[in-house]
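Working notes for the structure below.
Numbering (the working numbering), first residue to last: 23 to 282.
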């Protein structure tokens, strides 16, 4: 907007307001000796397409915000709980099993040893996630039921339907963990050479981590670049630390897993 035009608009509005306060009229019109009340002053923002910046119209415009989850908006807060559980379970399964396989590969060149360790990690991790989620959500369920009884709304069918399901949470968490753990297992089964197998597991895990990070960022409405970078760095760091610690342990104590 031209600054001269903007100054003229605001000056005209100010003059009208001063005239109204003084009991006069900006047009100087009188009816029967009485000063007519000035017309309502509406300040327009030309740069915003002539939208009013005061009055009821402006209030109505401000009241509608698509970010509040209304028509055409997305309520990201409603996704937060299940999205966190899904991304956490998948990332945990992938990083845990990949790190376990790489750690075993640091002290044993056998492909079968890496496969068995990966399968054990998948089963144990899925069970651990399921039990932990079941106990955690059941505690939340008990708290919410107690609150409904104190409020006298425990008989409300709608309130009962809104309660969390420990069984569903446990199954979802276990499935997410297993889904993430499958990728490093499949990538390392068919590679005979140790170093090629370690590289294959690391590369496949990196692709999976990037995919999980991007999916979580897209569904959560956050920065995809930062989410992918955060997940990748965390997963690779865990795998590197596991390999380094097991390799050092094997060298210092001269331990070969196949000889135990």
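Idealized CB from N, CA, C, for every residue including glycine.
Specify whether the stretch 132 to 147 and the stretch 103 to 123 touch according to this definition: at least 3 beta carbon pairs, one from each stretch, less than 8 Å apart. With a cut-off of 8 Å on Cβ pairs, the stretch 132 to 147 is in contact with the stretch 103 to 123, counting three or more such pairs.
Is there contact between the stretch 105 to 116 and the stretch 200 to 214, where contact requires at least three CB pairs shorter than 8 Å? The answer is yes - the stretch 200 to 214 touches the stretch 105 to 116, with three or more Cβ pairs under 8 Å.
Would residue 161 and residue 170 qualify as a contact pair, given that the criterion is a beta-carbon distance under 8 Å? A distance of 8 Å or more separates the beta carbons of residue 161 and residue 170.
Counting pairs of beta carbons, one from the stretch 266 to 276 and one from the stretch 129 to 138, are three or more of them closer than 8 Å? With a cut-off of 8 Å, the stretch 129 to 138 and the stretch 266 to 276 count as touching, because enough Cβ pairs lie within range.
Is DSSP giving residue 244 helix, strand or coil here? Note: residue 244 maps to coil in three-state DSSP.
Within 8 Å, strictly: CB atoms of residue 249 and residue 107: With contacts defined as CB atoms closer than 8 Å, residue 249 and residue 107 fail to qualify as a contacting pair.
Taking three-plus beta-carbon pairs below 8 Å as touching, is the stretch 147 to 164 in contact with the stretch 175 to 190? With the cut-off at 8 Å, the stretch 147 to 164 and the stretch 175 to 190 touch.
Mapping DSSP to helix, strand and coil, what is residue 168? Residue state, collapsed to three classes: helix.
For residue 164 and residue 219, what's the separation of their Cα atoms in angstroms? So the alpha carbons of these two residues sit roughly 47 Å apart.
If you check the beta carbons only, do residue 109 and residue 238 fall under 8 Å apart? Between residue 109 and residue 238, the C-beta gap is smaller than 8 Å, which places the two residues in contact.
Put residue 177 into one of helix, strand or coil per three-state DSSP. Residue state, collapsed to three classes: coil.
Whose C-beta lies closer than 7 Å to the C-beta of residue 262 among residues of the same chain, with five residues either side of it excluded? There are no such residues.
Within a Cβ cutoff of 6 Å, which residues of the same chain sit near residue 191, ignoring the five residues on either side of it in sequence? Taken in chain order, the residues that qualify are 155 and 159.
Taking residue 20 and residue 258 to be in contact with their CB atoms under 8 Å, please state how far apart those CB atoms are, rounded to whole angstroms. The chain is shown from 23 up to 282; residue 20 falls before or after that span and cannot be answered.
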